[in-house]
Amino acid sequence: MENQLQKIVNPLLAWYDTHRRALPWRIDRDPYHVWVSEIMLQQTRVEAVVKYYTRFIRTLPDVRSLSEVPEDRLLKLWEGLGYYSRARNLKKAAEMMVRDGGGVFPDTFDSLRKLPGVGEYTAGAIASICFHEKVTAVDGNVLRVVSRVTGSRENVLLPAVRRRMESLLLQVLPDDAGSFNEALMELGETVCLPGSAAQCGECPLRGNCTAFRDGIAAELPVRVKKTQRRQEQRTVFLLMTEDGRIAVEKRPDTGLLAGMYQLPNVEGFLTEEEIRVAAETWGMQVLDIAFLKEARHVFTHLDWLMKGYRVRVARPAGAFLWVTPAQLREQYALPTALKPFAPFPTAWKKRGRHSSGEQE
Ligand code: SF4
């Protein structure tokens with residue numbers, strides 16, 4: 379992996395030398411210009427930022443003027459970019475620079491990180507581009523290029539993966555780290571585009587790119603978001619007749635566990651009294667109720683927390699199918715979620731003729 383990144387340094391720098399876009403914040407390597415442009419670029423594409431940037435710098439040409447601008451004037455300049463907290467942070471940071479450093483821009487990664495609204499990426503960009511510090515500046519574009527060049531299928535949304543990629547880049551950073559960082563970003567923004575838009579035919583790295591070699595550029599980088607699971611409490615009924623038959627019912631043909639057979643269950647944790655009432659409304663006469671166990675089942679977007687009860691009944695109701703444990707085991711596909719409450723070992727795997735596939 380290291381060697382692969384080492385091999386891209388020279389072709390990338392040579393490409394950047396001739397292909398870099400002429401952008402107003404690249405005219406000089408003034409930290410104020412780079413800083414303002416980077417904050418604006420966090421939310422908008424380059425083409426749109428040029429207009430805002432030009433007006434902003436014309437109105438507020440330096441740290442001191444930014445520190446003194448009235449807030450409503452500042453927000454007016456920011457209008458259309460959104461995320462007004464970023465504009466407020468710019469002003470706060472400028473005030474801090476004037477108060478603590480006489481208006482002089484901090485010149486190291488560590489001191490830049492102390493400014494409000496300046497994260498690792500922005501600090502890395504300013505420190506490397508303006509002050510020649512050998513630090514990385516890793517944004518989404520850079521993660522995409524690195525994932526593809528190295529053919530990494532690791533989830534780039536995980537901090538540990540990001541750290542690993544940063545450290546691989548750090549190992550190959552040339553003396554002109556600023557140009558290298560800019561070149562990587564530029565390549566990600568103009569050539570190594572997301573999804574199937576990657577322009578591999580025009581890419582200076584294709585000779586050293588695993589994704590290009592394997593034809594998997596469109597699949598990388600891998601981004602897996604943590605899903606927010608809804609938790610749901612359920613009460614599960616193991617309804618049993620005196621001769622040992624068990625109530626099952628078919629789930630609706632659409633939605634969660636579509637078309638599968640299940641033990642009757644309802645939302646919420648019911649008290650024994652509520653369990654009795656529920657069984658009676660189903661038309662049964664309850665003989666006794668015994669708590670069985672608690673269980674949990676995690677679906678993709680849902681988390682079932684379940685409490686199961688064995689309810690012996692005298693009058694089986696017609697709303698359910700009443701089957702023997704053997705029939706349940708042999709002929710009905712019970713969802714994994716409910717197997718802990720079934721009257722047979724949970725290791726049971728056999729599928730019967732009613733199996734419909736488990737959509738969990
Ligand atoms: S060859 Fe294609 S996938 Fe590889 S870095 Fe270049 S543009 Fe990206």
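Heads up: the sequence shown at position 178 corresponds to 556 in our numbering, and the numbers run straight through without jumps.
Cβ atoms here follow ideal geometry from the backbone N, Cα and C, with glycine treated the same way.
Since the model is a prediction, treat every value here as computed from it, not as a measurement.
Q | Any heavy atom of the ligand SF4 within less than 7 Å of residue CB: hits in chain order | A | Val523, Arg526, Val527, Leu565, Val569, Cys570, Ala576, Gln577, Cys578, Cys581, Leu583, Arg584, Cys587, Ala589, Phe590 and Ala595
Q: Would you list the residues sitting across from Glu645 in a DSSP beta bridge?
A: Stepping through the sequence shown from its first residue, residue 645 is reached at position 267. Glu645 is bridged to Arg612.
Q: Give the straight-line distance between the Cα atoms of Arg707 and Gln606, rounded to the nearest whole angstrom.
A: On the sequence shown, residue 707 is found 329 positions in, with the first residue counted as 1. On the sequence shown, residue 606 is found 228 positions in, with the first residue counted as 1. C-alpha separation (whole angstroms): 34 Å.
Q | Backbone CA spacing between Val527 and Leu583 [nearest angstrom] | A | The residue given as residue 527 occupies position 149 in the sequence shown. The residue given as residue 583 occupies position 205 in the sequence shown. Whole-angstrom Cα-Cα distance: 8 Å.
Q.
For a test of the three-state rule: what should DSSP assign to His679, helix, strand or coil?
A. The count along the sequence shown starts at 1 and reaches residue 679 at position 301. The answer is coil: DSSP assigns His679 none of H, G, I, E or B.
Q. What residues are listed by DSSP as bridge partners for Trp700?
A. For the purposes of this step, residue 700 is identified with residue 322 of the sequence shown, where counting begins at 1. In the DSSP output, where bridge partners are listed per residue, Trp700 has Ala625.
Q. Looking only at its own chain, which residues have a Cβ that is under 6 Å from the Cβ of Glu473, when we skip the five neighbours before and after it?
A. Translated into positions along the sequence shown, residue 473 becomes position 95. Closer than 6 Å at Cβ, skipping near neighbours: Ser445.
Q. Measuring CA to CA, which of Ala503, Gln709, Gln549 and Ala715 is closest to Trp413?
A. Stepping through the sequence shown from its first residue, residue 413 is reached at position 35. For the residues Ala503, Gln709, Gln549 and Ala715, the minimum Cα distance to Trp413 belongs to Ala503.
Q: Pull up the CB-CB distance for Glu580 and Leu680, whole angstroms please, since I reckon it's below 8 Å.
A: The count along the sequence shown starts at 1 and reaches residue 580 at position 202. The count along the sequence shown starts at 1 and reaches residue 680 at position 302. Not confirmed; about 45 Å, so no contact.
Q) Do Ile667 and Tyr687 have their C-beta atoms within less than 8 Å of each other? A) Taking the first residue of the sequence shown as position 1, residue 667 is located at position 289. Taking the first residue of the sequence shown as position 1, residue 687 is located at position 309. Their beta carbons are under 8 Å apart, which means Ile667 touches Tyr687 by this criterion.
Q.
Does Phe558 pass the burial test, meaning 16 or more other C-beta atoms within 10 Å, or should it be called exposed?
A. The residue given as residue 558 occupies position 180 in the sequence shown. Result: buried.
Q.
Can you tell me whether Phe647 is buried or exposed? The criterion is at least 16 other CB atoms within 10 Å of its CB, across all chains shown.
A. For the purposes of this step, residue 647 is taken as the residue at position 269 of the sequence shown. Classification for Phe647: exposed.
Q.
For the segment 548-556 against the segment 525-539, do three or more pairs of beta-carbon atoms, one drawn from each stretch, fall closer than 8 Å, so that the two count as touching?
A. no
Q | Proximity winner among Phe677, Glu650 and Val676, relative to Val664 (alpha-carbon distances) | A | Position 286 of the sequence shown, counting from 1, holds the residue named residue 664. Looking at the Cα atoms, Glu650 is the closest of the given residues.
Q: Kindly list the residues whose CB is nearer than 6 Å to the CB of Lys744, restricted to its own chain and excluding five residues on each side of it in sequence; keep chain order.
A: This structure leaves residue 744 out entirely; the chain is present only between 379 and 738.
Q: Take the Cβ of Pro439 as the centre, count every other Cβ of all protein chains shown within 10 Å, and call the residue buried at 16 or more, exposed below.
A: Position 61 of the sequence shown, counted from the start, is the residue given in the question as residue 439. Classification for Pro439: exposed.
Q) Taking one C-beta from the segment 483-496 and one from the segment 456-475 each time, how about it: are there three or more such pairs within less than 8 Å? A) yes
**Q.** Under 8 Å between C-beta atoms of Ala555 and Lys604
**A.** One-based indexing of the sequence shown puts residue 555 at position 177. One-based indexing of the sequence shown puts residue 604 at position 226. It is not a contact, given that the beta carbons lie outside the stated cut-off.
Q. By Cβ distance, which residues of its chain are closer than 7 Å to Trp682, with the 5 residues on each side in sequence left out?
A. Here residue 682 refers to the residue found at position 304 of the sequence shown. Excluding residues within five positions, the ones whose Cβ falls inside 7 Å are Glu610, Arg612, Arg674, His675 and Ala715.
Q | Per-residue burial, Asp517 [other beta carbons within 10 Å of its own, 16 or more giving buried] | A | Within the sequence shown, numbered from 1, the residue matching residue 517 stands at position 139. Buried, since its Cβ has 16 or more Cβ neighbours within 10 Å.
Q. Quick one: what's got a C-beta closer than 7 Å to Pro515's C-beta in the same chain, skipping five residues either side?
A. Within the sequence shown, residue 515 is the residue found at index 137, counting from 1. Inspection of the sequence shows that residue 515 is occupied by Ala rather than by Pro. Excluding sequence neighbours, Ala515 sits near Tyr499, Gly502, Ala503, Ser506 and Asn559.
**Q.** Distance CB(Pro703)-CB(Ile624) smaller than 8 Å
**A.** Along the sequence shown, one-based indexing puts residue 703 at 325. Along the sequence shown, one-based indexing puts residue 624 at 246. Contact: yes.
Q) In three-state DSSP terms, what is Asp395? A) Mapped onto the sequence shown, residue 395 falls at position 17. Correct three-state label for Asp395: helix.
Q: Determine the DSSP secondary structure at Phe483, reduced to helix, strand or coil.
A: Counting from one through the sequence shown, the residue named residue 483 turns up at place 105. In this structure, Phe483 counts as coil in the three-state DSSP scheme.
Q | Euclidean distance between Cα positions of Val614 and Val600 | A | The sequence position of residue 614 within the sequence shown is 236, counting from 1. The sequence position of residue 600 within the sequence shown is 222, counting from 1. Using only the alpha carbons, I get a separation of about 38 Å.
Q: Give the DSSP bridge partners of Ile667, in chain order.
A: Numbered from its first residue, the sequence shown carries residue 667 at position 289. In the DSSP output, where bridge partners are listed per residue, Ile667 has Val689.
Q) Curious, which full-length alpha helix (DSSP H) runs of at least 4 residues does the segment 485-517 contain? A) 487-491 and 498-509
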